[in-house]
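Heads up: the sequence lines are chains P and S, in that order.
Each residue of the first sequence is one higher than the last, beginning at 90 in the numbering used here.
Each residue of the second sequence is one higher than the last, beginning at 130 in the numbering used here.
No residue lacks a Cβ here, since even glycine has one placed at the ideal position from N, Cα and C.
Report on the structure given below.
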Amino acid sequence: MSNELEQVKKQSPEVYSDSERTRDRRVYVPAADIYETEDAMFIIADVPGVNQANVEVTLEKNVLTITAYPTEDTFEGLSLVYGEYGYGDLERRFVLSNAIDQEKIEATVQNGVLTLRLPKAGPAKSRKIVVQGA
Amino acid sequence: MMIRRVISNPWLEAERMQNEMNRLFNAAFGRSQSTPCFPAINVWANDEKQIVTAELPGIVLEDLEINVMGETLTISGQRQAPELPEGARYHRQECGFGKFTRSISLLYPVDVEKVEATLENGVLRVVLPRAEQDKPRKIAVRVS
Numbered sequence: 090m091s092n093e094l095e096q097v098k099k100q101s102p103e104v105y106s107d108s109e110r111t112r113d114r115r116v117y118v119p120a121a122d123i124y125e126t127e128d129a130m131f132i133i134a135d136v137p138g139v140n141q142a143n144v145e146v147t148l149e150k151n152v153l154t155i156t157a158y159p160t161e162d163t164f165e166g167l168s169l170v171y172g173e174y175g176y177g178d179l180e181r182r183f184v185l186s187n188a189i190d191q192e193k194i195e196a197t198v199q200n201g202v203l204t205l206r207l208p209k210a211g212p213a214k215s216r217k218i219v220v221q222g223a
Numbered sequence: 130m131m132i133r134r135v136i137s138n139p140w141l142e143a144e145r146m147q148n149e150m151n152r153l154f155n156a157a158f159g160r161s162q163s164t165p166c167f168p169a170i171n172v173w174a175n176d177e178k179q180i181v182t183a184e185l186p187g188i189v190l191e192d193l194e195i196n197v198m199g200e201t202l203t204i205s206g207q208r209q210a211p212e213l214p215e216g217a218r219y220h221r222q223e224c225g226f227g228k229f230t231r232s233i234s235l236l237y238p239v240d241v242e243k244v245e246a247t248l249e250n251g252v253l254r255v256v257l258p259r260a261e262q263d264k265p266r267k268i269a270v271r272v273s
């Protein structure tokens, strides 16, 4: 995996054919890791330039949407002389197969990485019932 | 690519499109840009200073090293492998990790003492003021 970092990871803007965005900005697809444990799903997405104030996560039916609005670098009196990455919003959707407990989704952003913990709901998970003494 | 109707800064946009075209052209004809590098950088400049920005998600300050020597800026560091809970299995893995190093030739010599670097929300910003002796001077022409 270590040679992965030699490549520029940012993907090209996504083309939406079904609808048009209201915001006049490019849209990029963030790279993401997804893994599953016994009781939860985890989604880790690279969202550089994003803090907790400008990221939205929504879950509708089984579609999870991550939308982030990174702040754009602009420097007064300086011009861009060389550019390798573009600025734009980040958006990505996932269809979740397992039933997720919508109320208990946790999201954190740290160092430009979004971590989502999606606990599994319902009968798939065994529950431990605490027996109380009289 | 989305079509923009209102363009706030036409030169910036033209430049971006040119970069995009070059990238697509090179990809189509198998000529990758000299070396595919990480991290991707943007360079901003005027006569007084240059600013280098890079996207470094998931990299903490302790794992990042920035060196300036003469007219070369070197960014090196590593992204730690993710720590997975026991019994976890991957559905997909796209975020890379590991070590990286990249050297960038600067436009002009900089004042090494005054270089400032910040890492915020996974975005690195290095401000490199131009060396005093390298600054352009205006020479007054006197009429004899």
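If I follow the unbroken beta strand (DSSP E) through residue i, where does it start and stop?
i	result
Asn-171 (chain S)	170 to 174
Leu-248 (chain S)	245 to 249
Val-181 (chain S)	178 to 184
Leu-153 (chain P)	152 to 157
Ser-273 (chain S)	First-last for Ser-273 (chain S): undefined, no H or E at that position.
Gly-175 (chain P)	No beta strand (DSSP E) contains Gly-175 (chain P), which DSSP labels as neither H nor E.
Glu-194 (chain S)	193 to 198
Pro-258 (chain S)	252 to 258
State the CB to CB distance for the pair residue i and residue j, rounded to an integer number of angstroms; the pair is presumed to be in contact (CB under 8 Å).
i	j	result
Leu-185 (chain P)	Leu-205 (chain P)	Their Cβ separation, rounded to whole angstroms, is 11 Å, which puts Leu-185 (chain P) and Leu-205 (chain P) out of contact at 8 Å.
Leu-179 (chain P)	Ala-174 (chain S)	Rounded, the Cβ-Cβ distance is 27 Å, inconsistent with contact.
Glu-184 (chain S)	Tyr-174 (chain P)	6 Å
Arg-181 (chain P)	Ile-155 (chain P)	5 Å
Gly-201 (chain P)	Val-252 (chain S)	7 Å
Gly-172 (chain P)	Asn-148 (chain S)	5 Å
Thr-126 (chain P)	Gly-216 (chain S)	6 Å
Would you say residue i reaches chain B, if we count a Cβ-Cβ gap shorter than 8 Å as a contact?
i	result
Ala-121 (chain P)	The structure shown contains no chain B; its protein chains are P and S.
Quick check on residue i: does DSSP put it in helix, strand or coil?
i	result
Leu-235 (chain S)	coil
Asp-162 (chain P)	coil
Asn-143 (chain P)	helix
Arg-208 (chain S)	strand
Gln-199 (chain P)	strand
Asp-135 (chain P)	strand
Ala-143 (chain S)	helix
Asp-122 (chain P)	strand
Glu-127 (chain P)	coil
Phe-226 (chain S)	coil
Phe-154 (chain S)	helix
Lys-209 (chain P)	strand
Glu-215 (chain S)	coil
Ile-220 (chain P)	Note that residue 220 (chain P) is Val in the sequence shown here, rather than Ile. Val-220 (chain P) falls in the coil class under three-state DSSP.
Thr-164 (chain S)	In this predicted model, Thr-164 (chain S) has a pLDDT of only 47, less than 50, meaning its place in the structure is not dependable; the value taken from the coordinates is given anyway. The answer is coil: DSSP assigns Thr-164 (chain S) none of H, G, I, E or B.
Val-170 (chain P)	strand
Val-189 (chain S)	coil
Pro-265 (chain S)	coil
Could you check if residue i is buried or exposed, using at least 16 other CB atoms within 10 Å of its CB as the buried criterion?
i	result
Asp-263 (chain S)	exposed
Tyr-219 (chain S)	exposed
Gln-141 (chain P)	exposed
Gln-179 (chain S)	buried
Glu-261 (chain S)	exposed
Arg-259 (chain S)	buried
Pro-137 (chain P)	buried
Thr-163 (chain P)	exposed
Lys-193 (chain P)	exposed
Lys-209 (chain P)	buried
Arg-208 (chain S)	buried
Ala-269 (chain S)	exposed
Leu-203 (chain P)	buried
Pro-159 (chain P)	buried
Pro-214 (chain S)	exposed
Leu-153 (chain S)	exposed
Gly-225 (chain S)	buried
Ser-163 (chain S)	Because the pLDDT at Ser-163 (chain S) is just 46, under 50, the model does not fix this residue reliably, and the value given afterwards should be weighed accordingly. Exposed, since its Cβ has fewer than 16 Cβ neighbours within 10 Å.
Inset, instruction - Examine the Cβ distances between the stretch 221 to 235 of chain S and the stretch 200 to 207 of chain S and report whether three or more of them are shorter than 8 Å. - result: yes
Legend entry - Touching by the beta-carbon criterion (3+ pairs, under 8 Å), the stretch 235 to 242 of chain S and the stretch 136 to 147 of chain P: no
Inset, instruction - Assess, as a yes-or-no matter, whether the stretch 247 to 257 of chain S is touched by the stretch 177 to 197 of chain S under the definition of 3 or more beta carbon pairs within less than 8 Å. - result: yes
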